[in-house]
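Participant:
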Ligand code: NAP
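Numbering (our numbering), first residue to last: 17 to 282.
(1) Along the beta strand (DSSP E) that carries residue 225, what are the first and last residues, could you check?
(2) When DSSP builds the beta bridges, which residues end up paired with residue 103?
(3) The ligand NAP and residue 173: does the residue's C-beta get closer than 7 Å to at least one heavy atom of that ligand?
(4) Please report how far the alpha carbon of residue 283 lies from the alpha carbon of residue 107, in whole angstroms.
(5) I'd like the list of long-range same chain contacts for residue 95, defined as Cβ closer than 7 Å, with 5 residues on each side in sequence excluded.
(6) For residue 201, tell me which candidate among 231, 164, 177, 179 has the shortest Cα-Cα distance.
(7) Quick check: the segment 179-198 against the segment 143-155, are there 3 or more CB pairs under 8 Å?
(8) Closer than 6 Å between the C-beta and any heavy atom of the ligand NAP: which residues qualify, listed along the chain?
(9) When you compare the CB positions of residue 239 and residue 217, do they come within less than 8 Å of one another, or not?
(10) Whose CA, out of 175, 110, 17, 42, lies closest to the CA of residue 276?
(11) Per the DSSP calculation, residue 66 is bridged to which residue(s)?
(12) Going by C-alpha to C-alpha distance, which of 132, 71, 126 sits closest to residue 102?
(13) Looking at C-alpha atoms only, which residue of 274, 125, 77, 173 is the closest neighbour of residue 155?
(14) Residue 228 lies in the alpha helix (DSSP H); which residues open and close that run?
(15) Taking its Cβ as the centre, do 16 or more other Cβ atoms sit within 10 Å of residue 282, making it buried, or is it exposed?
(16) Whole angstroms are fine: how far does the CA of residue 181 sit from the CA of residue 236?
(17) Taking C-beta to C-beta, are residue 221 and residue 179 nearer than 8 Å?
(18) Please confirm whether residue 73 and residue 105 have their CB atoms less than 8 Å apart.
(19) Residue 18 lies in the beta strand (DSSP E); which residues open and close that run?
(20) Tell me the DSSP bridge mates of residue 196?
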């Protein structure tokens with residue numbers, strides 16, 4: 017039996033266990049997906065313990081995504097993003113990966129959004145903003161990062177090929193000619209709020225909101241009203257999980273079963 021899991025603190029409301037167990041059922045794999053909540057100063061010991069116990073793979077969430085960089089061998093994308101959300105124990109040493117970037121890109125492509133040669137605006141320069149920005153640039157889009165703390169947007173833009181950094185005041189002008197908008201802030205999660213002025217949205221945009229609780233954020237409602245293509249955060253969550261499953265098992269993920277397990281709980 018393979019054991020997979022999630023380390024974070026807290027992990028009580030995670031949707032990863034049902035999503036991954038639906039995949040094991042669908043593929044007839046003898047595997048379990050369990051959650052672990054180590055104390056903040058125990059994370060390195062927890063990862064080494066997981067390796068010793070023969071755990072096959074772990075997802076990593078808040079607050080440990082940066083800390084585990086120190087105890088695994090990160091791949092190039094995890095290193096660039098500066099965060100690990102997936103650990104693979106199947107090789108000679110634990111390797112660290114970040115599937116949030118590919119998760120966002122696959123979510124957009126699933127909705128027929130063309131990224132190559134497009135102009136993309138990423139709002140947010142935290143962990144999700146970093147992942148999405150590198151993912152979009154690798155997919156061939158020109159990225160503009162806008163963030164409440166403008167200096168963080170400039171810092172991130174200096175690391176992403178051909179990107180520019182901005183404050184939120186620039187969103188109106190940035191969005192006028194943009195093809196893709198991603199909200200990678202937590203705005204919209206706690207309250208019915210949006211980081212993007214509604215009148216800056218238009219029908220030629222595709223809008224991905226990384227927030228998935230609630231599924232229909234104010235940003236996505238405004239985007240739909242403007243005639244834009246909308247992609248909710250559960251698509252990104254789904255595809256980061258799909259990428260992790262494929263990395264760990266080497267087989268194609270049963271996307272429909274994972275999607276159903278996820279959406280039935282949102
Ligand atoms: P993070 O590293 O803490 O970054 C938070 C970002 O939100 C920063 O850019 C921050 O700006 C901005 N922000 C926070 N409050 C704001 C406000 N009131 N007005 C404007 N900007 C504000 O968090 P994260 O890990 O990147 O996560 C961000 C969101 O993405 C969360 O909702 C998370 O659940 C979601 N997410 C979703 C997925 C998925 O698979 N769907 C994956 C990863 C993350 P400052 O720099 O100015 O503080």
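All residues carry an ideal CB built from backbone N, CA and C; glycine is no exception.
Facilitator: In terms of the structure at hand:
(1) As a position in the chain shown, residue 225 is number 209, starting the count at 1. Note, residue 225: beta strand (DSSP E), 222-225.
(2) To locate residue 103, count along the chain shown from 1; it is residue 87. Under DSSP, residue 103 forms a beta bridge with 74, 112.
(3) Walking along the chain shown from the start, residue 173 turns up at place 157. False, no ligand heavy atom lies under 7 Å from that Cβ.
(4) Residue 283 lies beyond the residue range present for the chain, which begins at 17 and ends at 282; the question has no answer from this structure.
(5) Your numbering for residue 95 matches position 79 in the chain shown. So no residue of the chain qualifies.
(6) Within the chain shown, residue 201 is the residue found at index 185, counting from 1. In terms of CA proximity to residue 201, 164 leads the group 231, 164, 177, 179.
(7) Judged by Cβ distances under 8 Å, the segment 179-198 makes contact with the segment 143-155, as three or more pairs qualify.
(8) For the ligand NAP, the residues with a Cβ under 6 Å from any of its heavy atoms are, in chain order, 116, 119, 140, 141, 142, 143, 144, 145, 163, 164, 165, 168, 200, 201, 202, 203, 205, 211, 226, 227, 228, 249, 252, 253, 256.
(9) Counted from its first residue, the chain shown places residue 239 at position 223. Counted from its first residue, the chain shown places residue 217 at position 201. Contact: yes.
(10) As a first step, residue 276 must be located in the chain shown, where it is residue number 260. The candidate whose alpha carbon is nearest that of residue 276 is 42.
(11) For the purposes of this step, residue 66 is taken as residue 50 along the chain shown, with counting starting at 1. Answer is none; residue 66 lacks a bridge partner.
(12) Mapped onto the chain shown, residue 102 falls at position 86. Among 132, 71, 126, the Cα nearest to that of residue 102 is on 71.
(13) Stepping through the chain shown from its first residue, residue 155 is reached at position 139. When C-alpha distances from residue 155 are compared across 274, 125, 77, 173, the shortest belongs to 125.
(14) Locating residue 228 in the chain shown gives position 212, where the first residue counts as 1. Looking at the DSSP string, residue 228 is not in any alpha helix (DSSP H), and its letter there is neither H nor E.
(15) Position 266 of the chain shown, counted from the start, is the residue given in the question as residue 282. The residue in question, residue 282, is exposed, as its Cβ has fewer than 16 Cβ neighbours within 10 Å.
(16) Indexing the chain shown from 1 puts residue 236 at position 220. Indexing the chain shown from 1 puts residue 181 at position 165. Per the coordinates, the alpha-carbon of residue 236 lies some 23 Å from the alpha-carbon of residue 181.
(17) Stepping through the chain shown from its first residue, residue 221 is reached at position 205. Stepping through the chain shown from its first residue, residue 179 is reached at position 163. Result no, Cβ atoms of residue 221 and residue 179 do not sit closer than 8 Å.
(18) Taking the first residue of the chain shown as position 1, residue 73 is located at position 57. Taking the first residue of the chain shown as position 1, residue 105 is located at position 89. Contact: yes.
(19) The residue you call residue 18 lines up with position 2 of the chain shown. Following the DSSP letters along the chain, one finds residue 18 inside the beta strand (DSSP E) bounded by residues 18-23.
(20) Counted from its first residue, the chain shown places residue 196 at position 180. In the DSSP output, where bridge partners are listed per residue, residue 196 has 136, 222.
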